[in-house]
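To convert, count from 1 in the sequence shown and add 2; that's the numbering used here.
Every residue, glycine too, gets a C-beta built ideally from N, C-alpha and C.
Report on the structure given below.
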Amino acid sequence: MKGKLARILLMLLLAVGVVIYGYSWKLSQPKFDERLETNPLAASQIAPIEEALTFARLSSGEVLLVLSSDIDGVTAIDLSDTEYFTGVDGIDAYQTLGRDQLLRLTESLSSQQFSWQSLSTPLSVQSKIVAAGTNFKAHAEEVSHTGDPFLFPKLSTITPWNAAVTAGARLDHEVEICAVSLEDYPQAEVAHSRKVTLGYLLCGDYTDRWLLVKEIDLDAEMGTTGFAAGKGGATRLPVGPFLVIPQSHEFYKKIDMKLYVNNELRQSSNAGLMNWNPWTIMSKALEKCDANYLNGEGVVKLLDNCERIPAKTLVLTGTPEGVMFSPLTLWSSGFYLKSGDLVTSQASYLGVLSNTID
């Protein structure tokens, strides 16, 4: 009798295990039925010059004003090769030369061809990086977060568009649009009675979900525990090759973004669906600048200065739905990114990310 009961219990446990595995597997599958069939570099388009100026930077440091792109690379004017400019990135070019003079240069200076492989990070950023969590409704729902978006510090340094990403215990992907202010915020708005001008670039926000969940305190304010540790890392923030500075403050709403893992579509959305716009995120960051964010046994701050956000501060505006994380997938590393996986991201006018998990 005892042996029969033991067999029944074992069968029940096996059945429960099969159900849990099956449901976890289902949760881990792509939400979209689409594959990447062509080279994304071939489909990359530059914003119309009357709508936005596009900048890039070579690995050797030269700053480019990009005019067009194709599968082989970009056609651009090397601003560093002129007498007009001595800065280090597109923000410096835009601020010192101005939009009108840059447009005139496109008519008076000759362009050159540059390969994709020659392009590095398009700008130099501040050491403090601000990130918004659950800023897209569908993503908040898939991770079971209720309430407003929240902020956390992204403790990473930017890497080029084709840089490798170090593997983690439960490494997850997030495609995001990053915003960066050309001027100090909000001082420039107060001085000029207008919104500060923002530039945009494509970003990959990588997360070790195991470390995040291990360190999170659900009784603490969301974002202040777990996220600094789980989201940080030297290779966890590749950025696209282009910095795009638009004319209109509404330009970001035209940006569609997609992310593929091994050519399977995992994320797809429009930046206009974010709950907090980039200016709101910056305002919220100033409100939260005194908060303590736990990173292991240490504490970090969101900003160094509660009065202003310096120009060139990178702001991650949040990711749409389609991440790998779910409480029911955390138990197995097989449901997450692993060594050898290829993550490809693309966004309207912002170029491409191609990152191998190392």
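Original post:
Mind checking whether the beta-carbon of residue 88 lies closer than 7 angstroms to any heavy atom of the ligand SAM?
Top reply: This structure does not include the ligand SAM; it has no bound ligands of any sort.
Subject >> Residues sharing a beta bridge with residue 55, DSSP >> reply: 247
Subject >> Limits of the alpha helix (DSSP H) - the one that residue 98 falls within >> reply: 92–99
Subject >> Inter-residue Cα distance where the pair is residue 109 and residue 222 >> reply: 56 angstroms
Original post:
In the structure shown, what three-state DSSP assignment does residue 123 receive?
Top reply: coil
**OP:** Identify the continuous alpha helix (DSSP H) that holds residue 116 and give its terminal residues.
**Re:** Looking at the DSSP string, residue 116 is not in any alpha helix (DSSP H); the run it does join, the beta strand (DSSP E), is 114–117.
Original post:
Using 8 angstroms as the Cβ pair cut-off and three pairs as the minimum, do the stretch 313–329 and the stretch 200–214 touch?
Top reply: yes
**OP:** Following the continuous alpha helix (DSSP H) through residue 282, name the residue where it begins and the one where it ends.
**Re:** 280–289
**OP:** Could you pull out every residue in the same chain whose Cβ sits closer than 7 angstroms to the Cβ of residue 111, ignoring the five residues on either side in sequence?
**Re:** 79 and 84
Subject >> Selection from 40, 171, 313 and 148 that minimises the alpha carbon distance to residue 73 >> reply: 40
**OP:** Go through its chain and collect everything with a Cβ distance to residue 308's Cβ below 7 angstroms, but skip five positions before and after it.
**Re:** 288, 291 and 292
Original post:
Helix, strand or coil for residue 42 per DSSP?
Top reply: helix
**OP:** Quick one: grab the DSSP three-state call for residue 108.
**Re:** helix
Original post:
From the DSSP output, which residues share a beta bridge with residue 215?
Top reply: Note: residue 215 sits in no beta bridge, so no partner.
Original post:
Which residue's Cα is closest to the Cα of residue 211: 76, 243 and 337?
Top reply: 337
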